[in-house]
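S.K.:
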Amino acid sequence: MQVLKFGGTSVASAENIAKSCDIGLRALENGPVVMVVSALGGTTDALIKAGRAAAEGNLAYQDILQELEQRHLTAAEELQLPPAPLDTATAVITDGFLELHRLCDGIASLQELSSRTLDRLVSYGELLSSQLVELHFHSFWLDTAWADARQLIRTNSRFGNAEVDIATTSRLVKEFQALHPGDSWIVPGFIAADAHGNTTTLGRGGSDYTAALLAAALDAEKLEIWTDVSGMMTADPRLVRSARPIARISYQEAMELSHFGAKVLYPPTIQPVMKRGIPLWIKNTFAPDDYGTLVEVAPPRAATVVQGISSIGNLTLLNLEGSGMVGIPGFSKRLFEALARERINVILITQSSSEHSICVGVNAQDAAPAQVAVDEEFATEIAAGRIEPLRPERDLAIVALVGENMKDHPGISGKLFGALGQNGVNIRAIAQGASEKNISTVIRAQDVRKAINVLHEAFFEATKKQVNLFILGPGNVGSKLLEQLARQQPHLLEKLGLQVRVVAIANSRHCLVDENGLDLTAWPEELAQASAQTLAEFKELIISRNLRNSIFVDVTANPATADIYADLLAKSVAVVACNKVAASSDYAHYAQLKSLSKEFNASYLFETNVGAALPVIGTLNDLTRSGDVVRRMEAVLSGTLNFVFNNYDGSRPFAEVVRQAQAEGYTEPDPRLDLSGTDVARKILILAREAGEVMEMADIKIEGFLPPACLEGDVEAFYAQMAAHEAHFKALYDAATSAGKRLKFVARYADGHAAVGLQQIASGHDLYDLRGKDNVVLFYTDRYVEQPLVVKGAGAGAEVTASGVFADIIRAARL
Ligand code: ADP
Ligand code: ASP
Ligand code: MG
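Taken in order, the sequence shown gives residues 1 to 815; the numbers are from full-length UniProt numbering.
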């Protein structure tokens with residue numbers, strides 16, 4: 001015999017029932033089949049809902065039943081059965097629902113729903129679906145019998161999750177087989193009966209188990225679980241988009257995965273077939289030609305170290321702690337006995353080697369009774385202060401790596417911790433069986449999606465890493481950055497294995513979000529119509545989305561945004577800032593951001609703060625990291641001032657040249673920051689700090705060249721005042737030219753002191769020959785004593801600045 005089980009979706013409608021029957025009919029080529037079927041998808045949930053409503057006296061149960069009945073009748077009709085079987089189907093369904101109504105009326109009048117009644121109630125789901133399938137199948141294949149599972153599978157009377165009496169079940173199955181030689185059977189899954197003939201059920205998802213029990217009793221050639229995915233997958237496909245089917249897997253591994261949450265297989269299913277070595281296939285009803293998964297004794301060695309990742313939510317950790325436990329035998333025995341007495345299933349156990357604490361993971365709904373039972377058991381010790389009362393920790397989940405190969409590979413836990421740590425996922429407890437088939441971590445429930453995806457990437461997608469960007473300020477630089485990103489996305493994926501997605505774009509008013517990645521061509525129009533959002537809300541959005549490898553990109557010049565960096569870094573969100581405010585703010589703030597970045601393993605990068613895309617900070621960091629000491633720096637750091645002094649020769653007013661610089665995008669949004677020297681001062685401050693100096697903005701001497709009147713009033717007044725002082729600028733220019741020199745606005749740092757100011761530079765000097773908006777930095781260090789290390793090139797402009805931000809994003813992404 002072959003046993004084929006069809007799940008809820010596989011029989012959810014007439015169309016699907018027909019597909020499932022086709023699969024069953026095709027299998028007949030290899031001999032008779034046993035088809036085990038679930039209830040029409042969603043029926044069990046609906047019946048439970050109806051029962052609960054009835055128990056509360058809520059008449060909504062009638063509508064629920066009516067709707068369900070209609071669904072069944074429609075399925076029967078659409079199956080296009082011949083007239084006689086159609087009549088039978090209709091009668092079976094209407095009779096069934098009559099009984100269901102009666103049952104629910106009874107529940108409503110008693111206002112009580114026992115687990116025994118609930119089992120009777122839900123059994124109709126499988127009873128009806130299996131009869132429907134049988135009528136359809138029978139119209140193609142006469143040697144077919146409907147078998148009532150309640151006469152085949154014997155259990156105890158633990159309603160809701162009954163335990164199977166294997167020996168009796170095996171005998172009953174064989175007796176049925178003797179009465180129906182050569183027939184194929186259609187059997188309702190999930191349901192069974194106790195010794196008194198009461199209907200019981202095998203637990204939610206239990207149809208898989210029914211099929212396995214029959215396969216074992218019949219010593220079937222194979223068991224096939226037909227469902228709505230193409231096999232057991234490397235992770236829950238609802239959580240991980242890139243999850244893929246596992247072609248071959250051992251019983252042990254499949255058991256671990258299903259125990260730890262891979263819903264595709266009900267955990268008890270494996271035991272009966274494993275005992276007899278019956279091959280178990282998981283196949284897709286909707287893609288029957290897909291290979292699926294073969295679960296067997298000894299699959300070929302998998303190509304990956306980890307076979308799959310699964311998770312269980314709804315976990316509570318219970319900590320038993322106290323000095324009174326150390327070295328005294330029997331504590332864990334008493335703990336587990338207390339839990340066992342309450343029939344509490346322990347999902348995970350860890351114990352510190354100091355024996356100072358034992359920690360067990362249980363289902364959230366078991367936590368309260370567990371706490372009572374354990375506190376009672378240890379009442380004397382607790383009263384004597386030798387043990388603390390049990391401390392529950394809620395809203396947790398387990399994420400487990402499963403794979404037999406793990407035992408031969410060092411570094412798996414390291415990789416696991418590294419990947420989770422980098423994404424700010426805190427591990428509350430770990431457990432690893434000595435067999436090393438499973439490494440389980442307990443984390444916060446809200447981190448599960450992120451954790452599984454991060455781990456899936458780390459263990460299955462060595463070649464791909466998803467990066468999620470939140471971009472604030474799509475102005476001059478920001479929009480260029482988005483253009484560059486759009487252009488480079490395919491290249492990044494192919495060459496660097498980075499799937500860079502822009503999840504949100506926000507300006508000071510609106511925010512556009514798409515967790516699957518925004519379309520980078522349509523955003524300008526969409527952003528204008530997007531919903532309003534404040535900066536605080538944007539920060540909350542980044543944190544609450546909790547996406548892996550998140551990077552916040554600040555392309556504003558707004559002082560307020562610098563205030564959100566700390567909170568983001570503390571959530572392991574990387575920060576890439578074009579905005580100089582944070583790095584040049586109070587030293588304490590700068591230092592705090594640096595230390596958060598280290599502590600939470602999240603990059604804080606701001607290369608474009610100095611010299612746009614020029615590798616200035618990167619070079620400086622490389623020097624200091626490799627042990628060099630920066631003694632002196634001399635630099636021209638203002639693309640704006642360079643542009644202005646390179647273009648000003650007295651033939652056009654100074655103010656006009658400044659205006660051109662602003663129009664061409666070489667100035668800060670407020671050009672006074674450039675012309676006053678403040679911007680250059682911020683840059684040398686940042687360089688000095690990166691060189692290891694503890695320095696504040698006030699420590700920098702700013703030797704301005706503007707007449708004081710220029711800095712009073714607004715930007716327009718600033719232009720007017722510059723025009724009025726044209727003679728002043730002309731005089732500065734003439735003085736330099738007559739000495740054969742050029743004017744440069746120079747930043748200097750040496751021996752803990754820094755200053756910025758306008759200087760006349762003689763030809764031949766490293767700073768003399770600078771064109772356009774070029775920047776140059778000269779580093780004098782212990783290694784570069786006589787001749788400085790020079791970094792030189794375009795230091796302003798939206799396109800280059802954007803490319804610098806881009807480079808920082810890639811740096812943060814590859815950490
Ligand atoms: P059926 O009704 O056929 O028994 P289930 O809903 O019980 O189907 O199980 C199949 C579902 O299990 C899939 O649709 C998928 O969403 C979910 N699932 C969770 N983890 C996994 C996994 N590791 N591999 C495959 N499916 C999984
Ligand atoms: N119908 C039952 C459930 O939904 C059993 C099953 O589908 O396996 O739990
Ligand atoms: Mg199932």
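Just so you know, even glycine gets a beta-carbon here, dropped at the ideal spot from N, CA and C.
Within the present structure, is the beta-carbon of residue 816 separated from the nearest heavy atom of the ligand ASP by less than 7 Å?
M.R.: Only positions 1 to 815 of the chain appear in the structure, and residue 816 is not among them; the question remains open.
S.K.: Among Ala754, Leu318, Phe378, which one has its Cα closest to the Cα of Lys701?
M.R.: Here the question's residue 701 lines up with position 701 in the sequence shown. It is Ala754.
S.K.: I'd like to confirm something about Ser13: is its beta-carbon nearer than 7 Å to some heavy atom of the ligand ASP, or not?
M.R.: Residue mapping note: residue 13 aligns to position 13 of the sequence shown, counting from 1. Incorrect: Ser13 has no Cβ contact closer than 7 Å to the ligand ASP.
S.K.: When we look at the beta-carbon of Phe538 and count the other beta-carbons within 10 Å, is it buried (16 or more) or exposed?
M.R.: The residue labelled residue 538 in the question sits at position 538 within the sequence shown. With 16 or more Cβ atoms within 10 Å of its Cβ, Phe538 is classed as buried.
S.K.: Does the separation of the CB atoms of Val173 and Leu202 fall below 8 Å?
M.R.: Within the sequence shown, the letter at position 173 stands for residue 173. Within the sequence shown, the letter at position 202 stands for residue 202. Result no, Cβ atoms of Val173 and Leu202 do not sit closer than 8 Å.
S.K.: In the DSSP assignment, find the beta strand (DSSP E) that holds residue 826 and state where it starts and stops.
M.R.: This structure cannot speak to residue 826, because the chain is shown only from 1 to 815.
S.K.: Leu257: beta carbon under 7 Å from a heavy atom of the ligand ADP?
M.R.: To locate residue 257, count along the sequence shown from 1; it is residue 257. True, at least one ligand heavy atom lies under 7 Å from that Cβ.
S.K.: I'd like the span of the beta strand (DSSP E) that includes Glu224, first residue to last.
M.R.: As a working note, residue 224 is residue 224 in the sequence shown. Residues 222-227.
S.K.: Starting from the N-terminal side, write out each stretch of the beta strand (DSSP E) that is 3 residues or longer and does not extend beyond the region 725-779.
M.R.: With a minimum length of 3 residues, the continuous beta strand (DSSP E) runs that stay inside the region 725-779 are 741-750, 753-762.
S.K.: Since Ser310 is in the beta strand (DSSP E), which residue starts that stretch and which ends it?
M.R.: What you label residue 310 is simply residue 310 of the sequence shown in a count that begins at 1. It spans 308-321 - the beta strand (DSSP E) in which Ser310 sits, taken as one unbroken run.
S.K.: For the beta strand (DSSP E) that His510 lies in, which residues bound it at each end?
M.R.: Residue numbering aside, residue 510 sits at position 510 when the sequence shown is read from its first letter. Taken as a continuous stretch (DSSP letters only), the beta strand (DSSP E) holding His510 covers 510-513.
S.K.: Could you work out which residue in Leu605, Asn363, Asn314 is closest to Cys578 when comparing CA atoms only?
M.R.: Numbered from 1 along the sequence shown, position 578 holds the residue referred to as residue 578. The residue with the shortest Cα to Cα distance from Cys578 is Leu605.
S.K.: May I ask you to check if the CB of Gly125 is nearer than 7 Å to at least one heavy atom of the ligand MG?
M.R.: In the sequence shown, counting from the first residue as 1, residue 125 sits at position 125. No, the beta carbon of Gly125 sits no closer than 7 Å to any heavy atom of the ligand MG.
S.K.: Compute the minimum distance between the beta carbon of Phe190 and the heavy atoms of the ligand ASP, and state whether it is under 7 Å.
M.R.: Stepping through the sequence shown from its first residue, residue 190 is reached at position 190. Yes, the ligand ASP has a heavy atom inside 7 Å of this Cβ.
S.K.: Do Lys744 and Phe654 come within 8 Å of each other at the CB atom, strictly closer than that value?
M.R.: Here residue 654 corresponds to residue number 654 of the sequence shown, with the count starting at 1. Here residue 744 corresponds to residue number 744 of the sequence shown, with the count starting at 1. In this structure, Lys744 does not lie closer than 8 Å to Phe654 by Cβ.
S.K.: Quick one: give me the first and last residue of the alpha helix (DSSP H) that Leu28 is part of.
M.R.: Residue 28 sits at position 28 when you count from the first residue of the sequence shown. Where Leu28 is concerned, there is no enclosing alpha helix (DSSP H), given that its DSSP letter is neither H nor E.
S.K.: Under the rule that 16 or more other beta-carbon atoms within 10 Å means buried, what is Glu200, buried or exposed?
M.R.: Position 200 of the sequence shown holds residue 200. The question names Glu, yet the displayed sequence has Thr at residue 200. With 16 or more other Cβ atoms within 10 Å, it is buried.
S.K.: Nearest to Thr534 by alpha carbon, out of Asn549, Ser544, Ser508?
M.R.: Numbered from its first residue, the sequence shown carries residue 534 at position 534. The candidate whose alpha carbon is nearest that of Thr534 is Ser508.
S.K.: Say whether the region 575-594 touches the region 620-634, bearing in mind that this needs 3 or more beta-carbon pairs closer than 8 Å, one atom from each stretch.
M.R.: Too few Cβ pairs lie closer than 8 Å, so no.
S.K.: Here's the rule I'm using: 16 or more other beta-carbon atoms within 10 Å means buried, otherwise exposed. How should Ser114 be labelled?
M.R.: Position 114 of the sequence shown, counting from 1, holds the residue named residue 114. So Ser114 counts as exposed.
S.K.: Suppose the cutoff is 6 Å on Cβ atoms and the five residues either side in sequence are ignored; what does the same chain contact list for Thr269 look like?
M.R.: Taking the sequence shown and counting its residues from 1, one reaches residue 269 at position 269. Result list for Thr269: Asp208, Tyr209, Ala212, in chain order.
S.K.: Given Glu296, which residues of its chain have a CB within under 6 Å of its CB, disregarding the five upstream and five downstream residues?
M.R.: Residue numbering aside, residue 296 sits at position 296 when the sequence shown is read from its first letter. Here the set comprises Pro279.
S.K.: Near the ligand ADP, which residues have their beta-carbon less than 5 Å from any of its heavy atoms, given in chain order?
M.R.: Checking every Cβ against the heavy atoms of the ligand ADP under 5 Å gives Gly7, Gly8, Thr227, Asp228, Val229, Met232, Met233, Asp236, Arg238, Ala262, Lys263, Val264.
S.K.: Examine the ligand MG and report whether any of its heavy atoms sits within less than 7 Å of the Cβ of Gly205.
M.R.: For the purposes of this step, residue 205 is identified with residue 205 of the sequence shown, where counting begins at 1. Under cutoff, so the answer is yes.
S.K.: Looking at the ligand ASP, does it come within less than 7 Å of Thr74, judged from the CB to the closest heavy atom?
M.R.: On the sequence shown, position 74 is the one that residue 74 refers to. No.
S.K.: Under 8 Å Cβ to Cβ from Asn284, same chain only, skipping five residues before and after it: list those, please.
M.R.: Sequence index remark: in the sequence shown, residue 284 carries index 284 (1-based). Excluding sequence neighbours, Asn284 sits near Trp226, Thr227, Asp228, Val229, Ser230, Gly231, Asp290, Gly292.
S.K.: Any heavy atom of the ligand MG within a distance shorter than 7 Å of the CB on Tyr61?
M.R.: Here the question's residue 61 lines up with position 61 in the sequence shown. Checking the Cβ of Tyr61 against the ligand MG gives no.
S.K.: For the ligand MG, any of its heavy atoms closer than 7 Å to the Cβ of Tyr565?
M.R.: The sequence position of residue 565 within the sequence shown is 565, counting from 1. No.
S.K.: Using only alpha-carbon positions, find the residue among Arg814, Leu789, Asn314 that is nearest to Asp395.
M.R.: In the sequence shown, counting from the first residue as 1, residue 395 sits at position 395. Per the Cα distances, Asn314.
S.K.: Kindly list the residues whose CB is nearer than 7 Å to the CB of Asp408, restricted to its own chain and excluding five residues on each side of it in sequence; keep chain order.
M.R.: The count along the sequence shown starts at 1 and reaches residue 408 at position 408. So no residue of the chain qualifies.
S.K.: Can you tell me where the beta strand (DSSP E) holding Asn363 begins and where it ends?
M.R.: For the purposes of this step, residue 363 is taken as the residue at position 363 of the sequence shown. Where Asn363 is concerned, the enclosing beta strand (DSSP E) stretches over 357-363.
S.K.: What whole-angstrom Cβ distance do Asn775 and Leu675 have, given they're in contact under 8 Å?
M.R.: The residue given as residue 775 occupies position 775 in the sequence shown. The residue given as residue 675 occupies position 675 in the sequence shown. That belief does not hold up - the Cβ atoms of Asn775 and Leu675 are roughly 16 Å apart, past 8 Å.
S.K.: Is any non-hydrogen atom of the ligand ASP found closer than 7 Å to the C-beta of Leu38, if you look at the structure I gave you?
M.R.: Here residue 38 is taken as the residue at index 38 of the sequence shown, counted from 1. According to the sequence as given, residue 38 is Ser; it is not Leu. It does: the Cβ of Ser38 is within 7 Å (strictly closer) of some heavy atom of the ligand ASP.
S.K.: Between which two residues does the alpha helix (DSSP H) carrying Arg428 extend?
M.R.: Here residue 428 corresponds to residue number 428 of the sequence shown, with the count starting at 1. Where Arg428 is concerned, there is no enclosing alpha helix (DSSP H), given that its DSSP letter is neither H nor E.
S.K.: State whether the region 42-56 contacts the region 106-126, with contact taken as three or more CB pairs (one from each stretch) at a distance under 8 Å.
M.R.: A contact exists between the region 42-56 and the region 106-126.
S.K.: Hey, is Thr44 close to the ligand ZN, as in C-beta under 7 Å from one of its heavy atoms?
M.R.: This structure lacks the ligand ZN; the ligands present are the ligand ADP, the ligand ASP and the ligand MG.
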